[in-house]
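Structure, as structure tokens:
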Amino acid sequence: MSALGESLYEKVCKETKDLSCLQLLKVDPRIPSAKSYHELSKFILELGINKGKEGQNYMKEIEKKNPIEGIKLCANQFYNQVITSFQSAIMELEEDIMSATYDAKIAGDGVTYCVERLQEVKIANPLINKECPMSALGESLYDKVCKETKDLSCLQLLKVDPRIPSAKSYHELSKFILELGIKKGKEGQNYMKEIEKKNPIEGIKLCANQFYNQVITSFQSAIMNWRRILCQQPMMLKLLVMELHIV
């Protein structure tokens, strides 16, 4: 157990720096009394399955009143993935902790997609929105991400796109950053092409064409798969910010 009487789940929540963590986990009375990290992991994964089933039932009720394609996908395919990913993680917990960790992480895929579909049909404050809350105490998501990168130029870099400071979810923020990356990539390529006209050497030609084409297509490829970026996974956003600096 952690020192000074601190329970394992309190220690884990303190490390996540998520103000809603304690409230979320103590829903399962077994979690506060977990005696090992293995036991705590199992209880949290089981809670994930239960919450996934609750979320799916909630979405199926919404589907009855709003049988649009996005809601149907959310209520069935995406929530099935949430539940099966948590179930896989539990099965792997004993033998393959890396695979269990991966499956637990990807269980969040699609949840933000569901939040956005609910916003489209103007459902106010749905239960599912708790899965991907806005940052606490009025701090915007991009403020939070920049703080975690410890990059002093991050805020200045990102607020070039006025949509970024007002992003309502990590998925939305990721999409806006990727689109900014494409725009900066094109600006960089145009700049290099002007240099190429005055200095048509092989290295400049490669840079202005092949390398910048790779930059732009990489961001475009990422944006096609942006929904795979996980809710509450600012690490991916940190990497995106780093890529923007390179561009």
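Under this note's numbering, think of the first position of the sequence shown as 1283, with each following residue one higher.
Note that CB positions come from ideal geometry on N, CA and C, so glycine has one too.
In the three-state scheme derived from DSSP, where H, G and I count as helix and E and B as strand, K1475 is classed as helix.
Shown here for S1367: same chain residues with a beta carbon closer than 6 Å to its own, the five before and five after excluded, namely D1385, I1388 and A1389 in chain order.
Straight across, the Cα-Cα distance linking V1442 with K1468 is about 15 Å. Residue burial is scored here from C-beta neighbours: L1400 has at least 16 other C-beta atoms within 10 angstroms and is therefore classed as buried. Counting along the chain, E1343 sits inside the alpha helix (DSSP H) bounded by residues Y1319 to K1347. Burial is judged here by how many other beta carbons sit within 10 angstroms of a residue's own beta carbon; V1309 has fewer than 16 and is exposed. N1358 carries a helical assignment under DSSP once its states are collapsed to helix, strand and coil. The DSSP-derived three-state label of L1400 is helix.
One alpha carbon belongs to K1333, the other to M1380, and they sit about 23 Å apart. In the three-state scheme derived from DSSP, where H, G and I count as helix and E and B as strand, G1463 is classed as helix. The Cβ atoms of Q1492 and I1464 do not sit closer than 8 Å to each other. The Cβ atoms of A1490 and K1466 do not sit closer than 8 Å to each other. Remark: C-beta atoms of I1326 and L1304 do not approach each other more closely than 8 Å. By the C-beta density criterion, M1373 is exposed, having fewer than 16 other C-beta atoms within 10 angstroms.
It is roughly 21 Å from the alpha-carbon of Y1424 to the alpha-carbon of K1296.
Under the DSSP assignment, N1495 falls in the alpha helix (DSSP H) whose first and last residues are Y1494 to M1506. The three-state reading of DSSP puts I1483 in coil, since its state is none of H, G, I, E or B. Where C1436 is concerned, the enclosing alpha helix (DSSP H) starts and stops at C1436 to L1440. Taking the C-beta atoms as reference points, I1313 is found no nearer than 8 Å to Q1369.
According to the DSSP assignment, E1288 belongs to no alpha helix (DSSP H), since it is labelled neither H nor E. Counted as a single uninterrupted DSSP element, the alpha helix (DSSP H) harbouring D1385 occupies residues I1379 to I1388. The residues L1423, Y1424, V1427, I1446, A1449 and L1519, in chain order, have a CB closer than 8 Å to that of L1455 in the same chain once the five nearest residues on each side in sequence are set aside.
Take the alpha-carbon of L1462 and the one of T1431: they are about 18 Å apart.
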